[in-house]
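The sequence shown stops at residue 2023 when you use the working numbering, and every number in between is there. Written out below as structure tokens is the structure these notes cover.
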Amino acid sequence: ELVSCVGWTTADELYSCSDDHQILKWNPVTSETTRVVKLPDDVYPIDLHWFPRGIGGKKQSQAESFVLTSSDGKFHLISKLGRVEKSVEAHCGAVLAGRWNYEGTALVTVGEDGQVKIWSKSGMLRSTLAQQGTPVYSVSWAPDSDRVLYTSGKQLIIKPLQPNAKVLQWKAHDGLILKTDWNSVNDLILSAGEDCRYKVWDSFGRALFSSQPHEYPITSIAWALDGELFAVGSFNTLRLCDKTGWSYALEKPNTGSIFTISWSLDGTQLAGACGNGHVIFAHVVEQHWEWKNFEITLIKRRTMKVHNVINDAVDLLEFRDRVIKASLSHGYLVVSTSLQCYVFSTKNWNTPLIFDLKEGTVSLILQAERHFLLVDGGGLYLYSYEGRLISSPKYPGMRTDILNAQTVSLSNDTLAVKDKADEKVIFIFEALSGKPLGDGKPLTHKTEIVEIALDQKGLTNERKIAFIDKNRDLFITSVKRFGKEQKIVKIGTMVQSLAWNDTSNILCGLQDSRFTVWYYPNTVYVDKDLLPKTLYERDASEFSKTPQIVSFVGNQITIRRADGSLVHLHMSPYPAILHDYISASRWEDGVRLCRFVKDQTLWACLAAMAVANKDMTTAEIAYAAIGEIDKVQYINSIKALPSRESRLAHMLLFSGSTQEAETLLLQSGLVYQAIQVNINLFNWERALDLAVKHRTHVDTVLAYRHKFLEDFGKKETNQRFLQYAEGLEVDWNKIKAKIEMEIAKERERAAASPAVRT
């Protein structure tokens, strides 16, 4: 009889249920099949779902029980050994689907009677979430288990568990919707219908992809656990697709309709319940990794082929167990199998470093230049390329099963993780110790964050993080946070995808219809007006709709278009060379490079770099080259200042850091200069506060204020100024003499101190 449902307990054990009333257990490794239990003759199984494994951080090695829904209106809680623990009358007519939530605290069932019901773990009815006139064929939980997605004819409905909360409903297909799935990692929804199409949606009901019509209705669809792939089943058809919708592979097995697809926990294989009584097993092979001159392909489950395109050399890498995840970057290939982790250097493929894994199922590998991160069900583990465990960061409410490359970022000294409980928060850790960075407070943004990325080069205390929020705005901020809040600055809008360069701090992004490269994003903290001049932009319409940046290595950017094809872009090599010069303080070489290239963008980058590093001479040359004459004059006036402290303070003012400039002057005992800075910026209140507090130059502040109001023909209305001005005569000669005395005093101090002129 036809097989109606399948489900994996471990990566090597599958249960299947059929209309012949049998539940069978399969081991695809040893090809063994055993009968678990024969159900009563009146029980026709429809759907099966295993109780989730990881509860409260304690990982059970395998699932222990499952829910089975049947055509007699009941669902059955059945143990792994086949004992029926409980049968519950649930619906009038068949129970068409049953799903545990991610925590295992609730079960949702849907039936032919059009009802959606929520049950407790033990099978007690908690609530009837919805009632409608048409059968509900499929149901899925939201990633945080607070909403339920179910079908209603041609419509999809997302209903929150809280009463009176807003319900989202939209027409998804032109025919009956047969199957849905909602992934917890990427928060995307799949739907399959009798209109012979499958579609990908985001959690707001916006269509991201719609397939061409197939020959037959789509009878099954399912996400792989990590949300990178999904599988589609139809009559004699099995298709493997990328999360953006395009198809990797199409198989035409002799199966009849595939009614259910279930992915194994490690995402390497799937099983399908077939209409002709077969169970189909399929393994994902031929994954592909590229880095510089190396191409690596998984040709069999335990074999990789390495191809060096420069000399055409080919190496075969054999593994003891099947390959689950791999990553190739920074001169190393990191491969995790079901039990071990292998680290290969691209210089020598023969002697990998091998160490055993704690948990087994690695869901994500991220690499930086000095170390790499493994994410599995148990936690985050940072290893050196010698295989030494460096740290294992933890944060409150940690759920590692839902992390992916967009929500975790790694650099040589820092690890950033986006929180799931509060999507506005990013936790930042010191890589070597695993402790929270700085004062231990996470970085908080005003709206939900979608994607994060740390820059890869430069000094630790200048580490920057770029992130995209849900409005698709791109922001940048510093990660070293001791007490003082570093500004979060917006540098782009409508950004779909971003990537940092692996060898210098250059950021690229796809924004709206343009491809943009920020050659020196730090410019926003140095001279905001200069930022547009440090960008490279080109039209991105050739990449079609919703392209994604795959990598940014050296001066090559790889972009994947919506149809799955890869496009390689080449960027000018000069900005990266300039970054190298400046990090080595080779300013003259930097100027020489800019003169050779004769590019305004490069000069603008050099100007910003010079100001950031307080190199006034180079800044003057660079600003002159881009025609910013007012800034050249200001820099000259800074160079003419007598003391080093004054020069540094005015450099901070140049970058817009008024508060820091004032603090520096006050710490250096240059009170008059601090007051004068506030007068020049028309911060009258602050200037008066400082004068009163330090009992000096109150008359100077009042004189400048009086002159300012006189120039505009205004009368003084501020009570504080009126109070201090009572009985005070403004004598400009006296004030000028005082100011000259202050400047002379500063000159004497500068001459006495051995400070080096910047």
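Where a beta carbon is used, it is the ideal one built from N, C-alpha and C, also for glycine.
Option in the options with minimal Cα separation from residue i
i	options	result
GLY1498	ASN1366, GLY1492, PRO1518	PRO1518
GLU1354	LEU1346, ASN1901, VAL1308, TYR1367	VAL1308
ILE1771	SER1778, GLU1807, LEU1719, SER1809	LEU1719
ILE2024	GLY1642, VAL1673, THR1679, LEU1967	Given a span of 1266 to 2023 for the chain in the structure shown, any question on residue 2024 remains unanswerable.
GLY1934	ALA1887, LEU1953, GLU2011	GLU2011
SER1848	TRP1949, GLY1723, LEU1795	GLY1723
MET1662	VAL1690, LYS1755, SER1922	Note on identity: in this sequence residue 1662 is Gly, with Met being the wrong assignment. GLY1662 has its Cα closest to that of VAL1690, out of VAL1690, LYS1755, SER1922.
TYR1937	ALA1887, SER1902, ALA1952, GLU1713	ALA1952
ILE1619	ASN1613, CYS1606, SER1628, LEU1631	CYS1606
ILE1526	HIS1356, PRO1707, SER1281	SER1281
PHE1637	ASN1983, SER1336, GLY1652, GLU1624	GLY1652
ASN1707	ASP1306, LYS1508, ILE1693	Looking at the sequence itself, residue 1707 is Pro, so the reference to Asn does not match. If we check each option's Cα against that of PRO1707, ILE1693 comes out closest.
THR1961	LEU1639, ASP1531, ALA1670, ILE2000	ILE2000
GLU1368	ILE1667, ILE1903, ASN1943	ILE1667
Residue i versus residue j: straight-line alpha-carbon distance, rounded
i	j	result
LEU1598	THR1823	19 Å
LYS1659	PRO1701	9 Å
ALA1956	GLN1932	15 Å
TRP1466	LEU1494	14 Å
GLN1396	TRP1511	35 Å
GLY1978	LYS1972	10 Å
ASN1541	TRP1291	17 Å
LYS1565	LEU1593	18 Å
HIS1286	TYR1402	21 Å
GLU1727	SER1676	12 Å
SER1806	ARG1737	18 Å
GLN1813	HIS1835	16 Å
ASP1411	PHE1331	21 Å
SER1485	LEU1346	27 Å
GLY1338	VAL1349	16 Å
ASP1734	VAL1682	14 Å
ILE1320	ARG1462	Its pLDDT being 44, under 50, ILE1320 is placed unreliably in this model, and the coordinates cannot settle the point.
VAL1715	VAL1450	12 Å
ALA2016	LEU1843	36 Å
ARG2022	GLN1898	With a pLDDT of 46 at ARG2022, under the threshold of 50, the modelled position of this residue cannot be trusted, and the question is left open.
ALA1914	LYS1896	16 Å
SER1657	LYS1685	18 Å
ILE2004	VAL1995	14 Å
GLY1388	SER1336	18 Å
THR1811	LYS1612	36 Å
ALA1407	VAL1640	22 Å
Distance CB(residue i)-CB(residue j) smaller than 9 Å
i	j	result
LYS1557	VAL1302	no
ALA1536	VAL1271	yes
SER1610	TYR1650	yes
GLY1774	ALA1764	yes
ASN1878	SER1850	yes
GLY1703	LYS1745	yes
VAL1571	GLU1560	yes
THR1370	LYS1386	yes
ILE1891	ALA1875	no
LEU1279	SER1529	yes
TYR1415	THR1393	no
As assigned by DSSP and simplified to three states, the class of residue i
i	result
PHE1861	helix
PRO1482	coil
ASN1943	helix
CYS1461	coil
LYS1612	coil
ASP1621	strand
ALA2050	The chain is shown only over 1266 to 2023; residue 2050 falls outside these bounds and no answer can be derived.
ASN1766	coil
GLY1470	coil
SER1911	helix
LEU1871	helix
GLN1988	helix
SER1698	coil
MET1881	helix
Within-9 Å CB hit, residue i to chain D
i	result
ALA1926	Among the chains in the structure shown there is no chain D, since it carries only a single protein chain.
Assumed close pair residue i, residue j - CB separation to whole angstroms, cut-off 8 Å
i	j	result
ILE1589	THR1626	7 Å
LEU1604	LEU1622	6 Å
ALA1841	ASN1766	7 Å
LEU1929	LEU1917	7 Å
LYS1755	PHE1732	Wrong, their Cβ atoms sit about 11 Å apart, outside the cutoff.
ILE1311	ALA1359	6 Å
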